[in-house]
Every structure is written in structure tokens, then in C-alpha cells.
Amino acid sequence: HSCFELRNSAGKVAIIDPYLNGNPHRAIRSEEIEKVDVVLVTHGGRDHLGDAYDIVKRTGAYMISSVDVYHGALRVGIPKEQLFGMPSGAVHEHAGFRVKSTDARHVSMTKLPDLYITGQPLGFLIWPEPTAPEILLYHLGDTSISYDMKMAKELWAPPMAIVGLGGAPDLPHDMDPDE
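Quick note: the sequence shown uses our numbering, first residue 4, plus one each step.
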């Protein structure tokens, strides 16, 4: 449930939760990403934050993330102008991608060399074409089942969703396929 790529009609590219180099199931290494305009990070778990900081530094991409990941990015030297830290419910647009953050029932701990920063994990409603509201993806992030999922369906009716099931072998997981 990591590293998904979206493209819009303007040719802009967004990636979500770029856990690549440590991921035995990856399709590419993070160094192979040459063009990305927006990096979205749902939370600071290593299997979601992954290579986001390195990708943002190397490509100059703009990062939209949970607030703890934002503060971690500042601490590793990413300029504030390349960052937007979202609390739940916030809306932000960059490179033609309109993003609304949603609650996720999980934990977010961003590991830095000298400390951990905790924060609120997120899901994202993503409109890659802001003038076409019917084109919508709901990325739930890591979450357990909640009533918010039903509310998102009723309010926005996303035709597509990415739902994390199971988890990394050494980590607990939140939802099973029957949920």
C-alpha cells in the first residue's frame, strides 16, 4: 500500500507515500524518479514516509503531508516553501492537484536521527483535475474501519479508493479484507 503515482491532464505528477528503497515489492528505486511535482505523505510510518524527504530534496517537488512529517522535513533541511503540513480537514492545491485531508485511525511517528515526532495520520481525497470534481481518488492511508469512510462516500462519492489492507510483515495491520 505504498507509492502510487497520479498524473493530471497538465502533465503534472503526484506520488503518494513513496516507500521504495526499503520495500521488497517496489517496482522502482527512488533514485529512478526523475519528475515529480507533488509528494503526498499520509503519515510518518517508515512504510509510508519512506523516501519522501530524499525525493523532495533531489527533485525540488512540493510535499503535502501530515504535520509531523512537515516538521521532520524542516529539520532535515527542506525549505518551508516546498512544504505544506495538513491538519485533518484542510484543503490545499498545488500543480493542479486539489487535496483534502481526512482522519485516519492509526499512529504517526516520524523518525529522525535524533528524535521521534508524533502527529495525526491522514487520508487524502485527491482531485487531479480541480475543474472535474467527478474525477476523485480517496486514499485512506493506514486506518482502521470508521464511520468517516461512510461519510466520505455520502459527501463526495469517490469513484476510486486505495485502502491499505494487511501490513508489513513486522508491523501490526489495521484492516482485513472482510472489513
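Every residue, glycine too, gets a C-beta built ideally from N, C-alpha and C.
Closer than 6 Å by C-beta to residue i: which residues in its own chain qualify, once you throw out the five before and the five after it? Chain order, please.
{"i": "residue 130", "result": "101, 139"}
{"i": "residue 39", "result": "16, 18, 62, 64"}
{"i": "residue 2", "result": "With the chain running from 4 to 182 in the structure shown, residue 2 is simply not present."}
{"i": "residue 122", "result": "69, 70, 71, 111"}
{"i": "residue 86", "result": "66, 73, 76"}
{"i": "residue 29", "result": "23"}
What did DSSP end up calling residue i once you bin it into helix, strand or coil?
{"i": "residue 115", "result": "coil"}
{"i": "residue 22", "result": "coil"}
{"i": "residue 158", "result": "helix"}
{"i": "residue 2", "result": "No answer is possible for residue 2: it lies beyond the span of the chain, which begins at 4 and ends at 182."}
{"i": "residue 29", "result": "coil"}
{"i": "residue 84", "result": "helix"}
{"i": "residue 34", "result": "helix"}
Can you list, in chain order, the residues of its chain whose CB lies under 7 Å from that of residue i, leaving out five sequence neighbours each side?
{"i": "residue 44", "result": "20, 51, 52, 55, 66, 68, 69, 72"}
{"i": "residue 57", "result": "33"}
{"i": "residue 13", "result": "99"}
{"i": "residue 159", "result": "128, 139"}
Just to confirm the assignment, what range does the beta strand (DSSP E) spanning residue i have?
{"i": "residue 143", "result": "From DSSP, residue 143 is part of no beta strand (DSSP E); its letter is neither H nor E."}
Mind checking which residues open and close the alpha helix (DSSP H) that includes residue i?
{"i": "residue 74", "result": "70-78"}
{"i": "residue 62", "result": "55-62"}
Return the bridge partner residues of residue i from the DSSP annotation.
{"i": "residue 43", "result": "19, 67"}
{"i": "residue 104", "result": "127"}
{"i": "residue 8", "result": "18"}
{"i": "residue 164", "result": "141"}
{"i": "residue 89", "result": "69"}
Which residues in the same chain have their Cβ closer than 8 Å to the Cβ of residue i, if we skip the five residues on either side of it in sequence?
{"i": "residue 49", "result": "22, 25, 114"}
{"i": "residue 164", "result": "140, 141, 142, 143"}
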